[in-house]
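Residue numbers (the UniProt record's numbering), protein chains in the order written: chain A, 1 to 300; chain B, 1 to 220. Okay, so here's the structure we're looking at.
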Amino acid sequence: MDILFSTVKELIGLAEESGRPISEIMIEQEMQITKRSREDVIKQMERNLEVMEEAVEKGLKGVSSTSGLTGGDAVLIQNYIKSGKSLSGDLLLDAVSKAVATNEVNAAMGMICATPTAGAAGIVPGTLFAVKDKLNPTREQMINFLFTSGAFGFVVANNASISGAAGGCQAETGSAASMAAAAIVEMAGGTPQQSAEAFSIVMKNMLGLVCDPVAGLVEVPCVKRNAMGAAKALVGADMALAGVTSVIPTDEVIEAMHRIGRSMPSALRETAKGGLAATPTGKRLEAEIFGKKAAESVAD
Amino acid sequence: MKFRSVFDIIGPVMVGPSSSHTAGAARIGRVARTLFGRQPDWAEIRLYGSFAETYKGHGTDVAIVGGLLDYDTDDERIRTAFDEAEQVGLKFEFITESEEPEHPNTAKIRIGDADGEMELTGISIGGGKMEVTELNGFTLRLTGHYPALLIVHHDRPGVIASVANALAADGINIAHMECGRKEKGEMALMVIEVDQIITDSMIRLITDLDNVTQVSILAD
């Protein structure tokens, strides 16, 4: 059960030495650790891709959560793109709308693929299905996009955290956006090192993001944090492809994220006791959804 | 390494809305069900930390009950698990604890029926992954790096040796092992982490050994 890499430095080193993409290193490690065949591993990832595709499609048709807090924004953004008035660019907004679509389905207790968590599940598929229209990848390349995202997420999960309760939203949407940026770079033909730079550039801009869900629901602000996560992933990927590098090496950025997460008070780590959850509107919504008693306990 | 597979990161495929509070919770319930070996008649579920604060919004409660009904994370019946539980005669109660747990997402599940009961503490560590930290009063120190066998057995001479022999005969190497018992001659628990994949036939072989009452496996 040999682990091939436990840091981004090792991952990039392996890819550069062998001249193979990051996705390939991830597939090889998966085969070694789980003793499964290549075919088996790829088949499971293809199933994940299908689930992501279905969630995006479903969300773009319009869904609503049981609480009524979220739903329908993906449709609004798509309609706006069609109006031809978009300022930030059609591809970027397409990614945003598809990220929102996925998270709206998630909030409605629909079927999604966690990447790396359910609350952050919109960013990787959102960006993937948006860049797909520009880069025209093969099915195999789309599956590889997920393996590359997974390789970076693997390092974050083992060296820092991917849990909002442990590390705040930076650990969830922060990880997802950085993972997506790295995968976009690979799909666009960038080098493994450029993937790492994209990861760092995005993660540095997600540091410190707290987890403060209103009423404890994975809805407000989670859906919009996925939207912005997708936007940052695309911009970060473009910056890295342009040749911009991160002064702080990727593994040190991940270590910083871990340290920041550990020093976050528990009120800002998915307990619905601080931040946006503790605003007057946040508390009012909680009372409306769960009744008065729940709101009082939040106010404590 | 707590996370071993790429599918811990890109996955699981699951019913929303939270990997730690819904999928991880369902997995804790399902491991309890697996270790109990049958569907319990009743369940008492204590929630701690973030689980206690936010379980309603995340469907943590329906997910744990779904797990106790043996549903996987992508089983859409999780949404209606309370109704399904009523239909199959599983009575359950949720208790929220204010005590600060070691891990923010902790659930303590006591389940039972006319033939026995069991208590398990599980933590949801993110991305849908979970760990069992306590079973029937035994503290488990599973590293989570390797597949683990949990063997409930009578505290009799030779049981540990017979299990070790069965594993050795199949070329399975023991990476880490812990044994414990409640009282001399009473129920005991062996926790064995191994380097190789455990097959179903190996589980059956160990289950058939003298004084072994139950064998479960914890793996991805």
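Glycine included, C-beta positions come from ideal geometry on N, C-alpha and C. This structure is a prediction, so every number in the text was calculated from the model and none was measured.
- Looking from the CA of D72 of chain B, the closest CA among B:S18, B:A23, B:R141 belongs to B:A23.
- Taking a cut-off of 8 Å on C-beta distances, the segment 12-21 of chain A does not touch the segment 36-47 of chain A, as fewer than three cross pairs fall below it.
- Counting only Cβ-Cβ distances below 7 Å, A165 of chain A has contacts in chain B at S20, S50, P104, N105, in chain order.
- Counting only runs of 4+ residues, the alpha helix (DSSP H) found wholly inside the segment 172-230 of chain A occupies 175-187, 192-204, in chain order.
- Closest in alpha carbon position to L35 of chain B, among B:D195, B:L209, B:M190, is B:M190.
- Nearest CB-CB separation between M1 of chain B and chain A: below the 8 Å threshold.
- L146 of chain A: member of the alpha helix (DSSP H) spanning 139-159, first to last residue.
- If you draw a straight line from the Cα of C113 of chain A to the Cα of R30 of chain B, it is about 19 Å long.
- Counting along the chain, T60 of chain B sits inside no beta strand (DSSP E); it lies in the alpha helix (DSSP H) bounded by residues 60-68.
- Check the Cα spacing between K61 of chain A and each of A:T102, A:S23, A:V155: the tightest is with A:T102.
- Every beta strand (DSSP E) stretch that sits fully inside the segment 35-122 of chain A and reaches 3 residues is listed by chain position as 111-113.
- DSSP places H103 of chain B outside both helix and strand once states are collapsed to three, so it counts as coil.
- Cα atoms of S175 of chain A and N136 of chain B: separation of roughly 36 Å, rounded to the nearest angstrom.
- Sequence-distant partners of R79 of chain B (beyond 5 residues in either direction) whose C-beta falls short of 8 Å from its own C-beta, in its chain, are V15, G59, V62.
- Contact annotation: R4 of chain B and I260 of chain A have beta-carbon atoms that are not nearer than 8 Å.
- I9 of chain B carries a coil assignment under DSSP once its states are collapsed to helix, strand and coil.
- By the criterion of a C-beta distance shorter than 8 Å, K232 of chain A is surrounded in its chain by A177, A181, V202, N205, M206, once the five residues flanking it on both sides are discounted.
- One thing to note: V63 of chain A has its Cβ no nearer than 8 Å to the Cβ of K98 of chain A.
- A check of alpha carbon separations from V88 of chain B across B:E99, B:L69, B:E97 identifies B:L69 as the nearest.
- Listed along chain A, the residues sitting closer than 7 Å to F7 of chain B by beta-carbon distance are Q44.
- With respect to D73 of chain A, I81 of chain A sits apart: the two C-beta atoms are not nearer than 8 Å.
- DSSP places D41 of chain B outside both helix and strand once states are collapsed to three, so it counts as coil.
- Rounded to whole angstroms, the gap between the alpha carbons of E84 of chain B and A287 of chain A is 28 Å.
- In terms of CA proximity to M257 of chain A, A:I162 leads the group A:I162, A:L234, A:V223, A:G229.
- Looking at the backbone, the Cα of K108 of chain B and that of I143 of chain A are separated by about 38 Å.
- Residue-level contact check: V65 of chain B does not touch chain A, since none of the beta carbons of chain A fall below 8 Å from its beta carbon.
- Sixteen is the threshold: when 16 or more other Cβ atoms of the shown chains lie within 10 Å of the Cβ of K273 of chain A, as they do, the residue is buried.
- Residue-level contact check: H58 of chain B touches chain A, since one or more beta carbons of chain A fall below 8 Å from its beta carbon.
- When 7 Å is used as the limit between beta carbons, L146 of chain A is near these residues of chain B: I10, in chain order.
- Just measuring C-alpha positions, the residue of A:G243, A:A267, A:V155, A:G71 sitting nearest I3 of chain A is A:V155.
- At least one CB atom of chain A sits nearer than 8 Å to the CB of M14 of chain B.
- The three-state reading of DSSP puts G180 of chain B in strand, counting E and B together.
- If you compare the alpha carbons of A:N226, A:N158, A:E39 with that of K129 of chain B, the shortest gap goes to A:N158.
- Around the beta carbon of S37 of chain A, fewer than 16 other beta carbons sit within 10 angstroms, so the residue counts as exposed.
- By the C-beta density criterion, S83 of chain A is exposed, having fewer than 16 other C-beta atoms within 10 angstroms.
- The criterion of a C-beta distance shorter than 8 Å is not satisfied by T207 of chain B and G216 of chain A.
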